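This report concerns only the one structure given below.
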Amino acid sequence: MSRFTKELRVIPKAAWIVAWFAYLCVTVPLFFFVAPTDPEMGKLPLWGQALLIYGFLLLLVAWVALIGYVYGDAKRRQMRYVMWTLLAIFIPNAIGMILYFILRDPLPKPCPGCGHVEKAKFPFCPHCGTLLQPTCPKCDKPVEPTWANCAYCGQQLPEPATRAIQNPTVAT
Amino acid sequence: MSEHDKIRGLLALAAADALTSAEEKQVAEHVRSCIACSNELGAWRPIASELRRLPTPQPSSWLVQATLARAEAKLTEQAEHDWNRRVMIVVVAFAWLLTIASWPVFHFVSGRFGSSLDEPQFSHTSFSHTWISFAAFTALGWLAGGVAAVMLAIRQRGERRLA
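Here's what the structure looks like:
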């Protein structure tokens, strides 16, 4: 399964239903009732009117689907999904969506101890206390497994084997 | 550089079996006719064989583990970065498309809204009038986006400080 297909599954089914329902609710009355009476649209042939209305308003489907994606993605990233969905809806011209993609958090990872999915930035699992990523013995900030020194306080870090002993797997 | 000097530079590598087949052939041909080079190659051979008998340095398990973790993290990060870049391009293109596409919608809706009011000043909404309203609407969108961006950045900074 490609990455694109995987990401499409993030969009809730309800969003697809709303998108296509809104599309039909807008396009059908526009095509059958508004377009024939409109002086500018009426000049176009029937196929032109259909193409313009049904083609152009596919943007509406894409817009609702993107809002659904923001909702689903913010939820799986344990972000404030209601706030982000509202921003995506109410800030015009998809600027709310652009902001979301700039500011979104990294994907959470499952805890190897209890399986709960936790934020990537957490050094310990809040459910079982398992060490999710090594921390600096001096300042307790998360460090990368490959670092030789802490990037925050400069403390020389022990090798991973000894790091596990100094940082017990389960917090006491 | 003469042929002799060039071959002399390759003798140590020839003893260590580190030459390409073409270079090996070249060295072998020269050594057959040059006693000095033949002697020098003979001197290099025991050194190379002794070096081969030395234990090969093995990286520590920590180094292997760290390198593998680093490579995996780098690959994941790169894939995520590439995906995010593509998504951003698509979303920005979509935002522009939406902005451009909202112009005819705006024009159409404002025209119909004006005629439904049946007011002379609205019924034939002029192009410039609609254009100004559309520009104001777009500017308002960007302004709202800017304000939201600043507020969110301040909030994120506060969250990072607390973490």
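Protein chains in written order, with my numbering: chain A, 1 to 172; chain B, 173 to 335. Note that CB positions come from ideal geometry on N, CA and C, so glycine has one too. Bear in mind that the values here come from a model prediction, so they are computed numbers and not experimental data.
Using a Cβ-Cβ cut-off of 9 Å, W63(A) is close to F266, L270 of chain B, given in chain order. Residue state for Q78(A) is assigned as coil, using DSSP reduced to three classes. Listed along the chain, the chain B residues whose CB falls inside 7 Å of the CB of T146(A) are A238, A241, R242.
Residue V61(A) holds the alpha-carbon nearest to the alpha-carbon of Y23(A) among P39(A), K141(A), V61(A).
Cβ-Cβ separation between I98(A) and V264(B): approximately 6 Å, consistent with a contact (criterion under 8 Å). At a cut-off of 8 Å between beta carbons, M79(A) makes no contact with chain B. In the DSSP assignment, N211(B) falls within the unbroken alpha helix (DSSP H) covering 207-225. At least 8 Å separates the beta-carbon of L52(A) from that of L46(A).
Nearest Cα to M323(B) within the set G129(A), W84(A), K138(A), L132(A): W84(A). The beta carbons of G113(A) and T130(A) sit closer together than 8 Å. Within 9 Å of the CB of F31(A), no CB atom of chain B is found; the nearest one sits about 13 Å away. Per DSSP, H176(B) is one residue of the alpha helix (DSSP H) stretching across 175-187. Chain-ordered, the chain B residues with CB closer than 8 Å to the CB of N93(A) read A267, L270, T271, S274, T310, G313, W314, G317. Contact annotation: D73(A) and V10(A) have beta-carbon atoms nearer than 8 Å. Under the 8 Å criterion on CB atoms, Q250(B) is classed as non-interfacial with respect to chain A. Taking C-alpha positions only, M41(A) is separated from Y71(A) by approximately 36 Å. Proximity of L324(B) to chain A, defined by a Cβ-Cβ separation below 8 Å, is satisfied. For the segment 221-233 of chain B, the beta-carbon criterion of a distance under 7 Å to any beta-carbon of chain A is satisfied by none of its residues.
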